[in-house]
Amino acid sequence: MTLVLVCIDMTEGNTVSELVGSKVTLHCENESNDTLIQLTWKMNEVTLFSFMPDVPLHVWEEARRLNIHVAGSRPDTLVIERAQKSHTGNYTCEINTNLGFKEHKWELRITERKKRTMTFAVVVATVVPCACYLVFMLASVVLHIVRKQRADKRKKKKKKMCMKTVWKLMLVNNGATISRRHYKHTDQEQHTAKREGSTGKVCGFTLVEAIQPIEDRMDPREDSDVT
Numbered sequence: 001m002t003l004v005l006v007c008i009d010m011t012e013g014n015t016v017s018e019l020v021g022s023k024v025t026l027h028c029e030n031e032s033n034d035t036l037i038q039l040t041w042k043m044n045e046v047t048l049f050s051f052m053p054d055v056p057l058h059v060w061e062e063a064r065r066l067n068i069h070v071a072g073s074r075p076d077t078l079v080i081e082r083a084q085k086s087h088t089g090n091y092t093c094e095i096n097t098n099l100g101f102k103e104h105k106w107e108l109r110i111t112e113r114k115k116r117t118m119t120f121a122v123v124v125a126t127v128v129p130c131a132c133y134l135v136f137m138l139a140s141v142v143l144h145i146v147r148k149q150r151a152d153k154r155k156k157k158k159k160k161m162c163m164k165t166v167w168k169l170m171l172v173n174n175g176a177t178i179s180r181r182h183y184k185h186t187d188q189e190q191h192t193a194k195r196e197g198s199t200g201k202v203c204g205f206t207l208v209e210a211i212q213p214i215e216d217r218m219d220p221r222e223d224s225d226v227t
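Last residue of the sequence shown? That's 227 in UniProt numbering, and every number before it is there in order.
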């Protein structure tokens, strides 16, 4: 009399959700030290692969059509490189050992990417840098305008002060010439001038002393310099 022990292990299915284009991997491991007789992969009860030790892996037409394969020399790992909605379904891994039968089940759900979310993310990623760049450019332009206005104001103020200088180049009354003894210019040229105020350094002129009537101040030795 022969006693045969048959063990049936019905494992509850797991739900796996992935996006279109993702890589999907399902592991079907023989957790015991039982001797493997045959391993079979199925999708919606249609056989994809069947494997037996010392026998080459058999690939069924459905696996080729769906572009599904196993991981190298490991028939216990099912791989979908770029999942599509057509891969949605119920997957089963059946393991036959010397001690009985067991199986693992998965419900695979492949969903489309949320286009609105993707579009919004692209818009945000595009608009934010552009907005920051525009703000930076606007701030640079405003700063440049402010600096230019300040520089113009300083120039106008300086010009106004120069126009009020105590000296003028031309003597209105007698057109006499004052030598460099009475004032200096950066290029050391002689100029004709008229007294209109006090002494000081204005618009590049260094005034040595207050102007008295020209005839009283002129050094006789400098008569030759007066025209």
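The beta carbon of each residue, even a glycine, is placed where N, CA and C say it ideally should be.
Through-space distance from residue j to residue i, alpha-carbon basis
i	j	result
L143	L19	50 Å
A36	T77	At residue 36 the sequence reads Leu, which differs from the Ala that was named. When rounded, the distance between both Cα atoms is 15 Å.
V46	V122	41 Å
K153	L138	23 Å
N30	R113	34 Å
N44	L99	26 Å
K148	T111	59 Å
T126	L134	13 Å
V21	Q84	The amino acid occupying residue 21 in the given sequence is Gly; Val does not appear at that position. If you take the alpha carbons of G21 and Q84, they lie about 6 Å apart.
C130	I145	23 Å
F136	V128	12 Å
S73	R82	20 Å
L26	S140	57 Å
R150	V124	39 Å
Beta-carbon separation (whole angstroms), residue i vs residue j, contact threshold 8 Å
i	j	result
W41	C93	6 Å
N14	W106	5 Å
Short Cβ contact (8 Å threshold) for residue i with residue j
i	j	result
I68	I80	yes
L108	V55	no
V16	F49	no
Neighbourhood of residue i by C-beta distance below 7 Å, restricted to the same chain and skipping five residues each side
i	result
L66	S86 and H87
P53	L36
C132	none
Burial state of residue i (16 or more Cβ within 10 Å)
i	result
K157	exposed
A63	buried
C28	buried
K155	exposed
M218	Reliability of the predicted coordinates at M218 is poor, the pLDDT of 48 falling under 50, and the value obtained from them is presented with this limitation in mind. Per the 10 Å Cβ criterion, buried.
E189	Note on E189: pLDDT 41, under 50, position unreliable in the model; no value is reported.
6 Å Cβ shell around residue i - same chain, five flanking residues per side excluded
i	result
Q38	M52 and N96
N90	N44 and E107
Cβ neighbours of residue i in the same chain (closer than 8 Å, five flanking residues each side left out)
i	result
residue 314	Beyond the ends of the chain as shown, which are 1 and 227, falls residue 314; an answer cannot be given.
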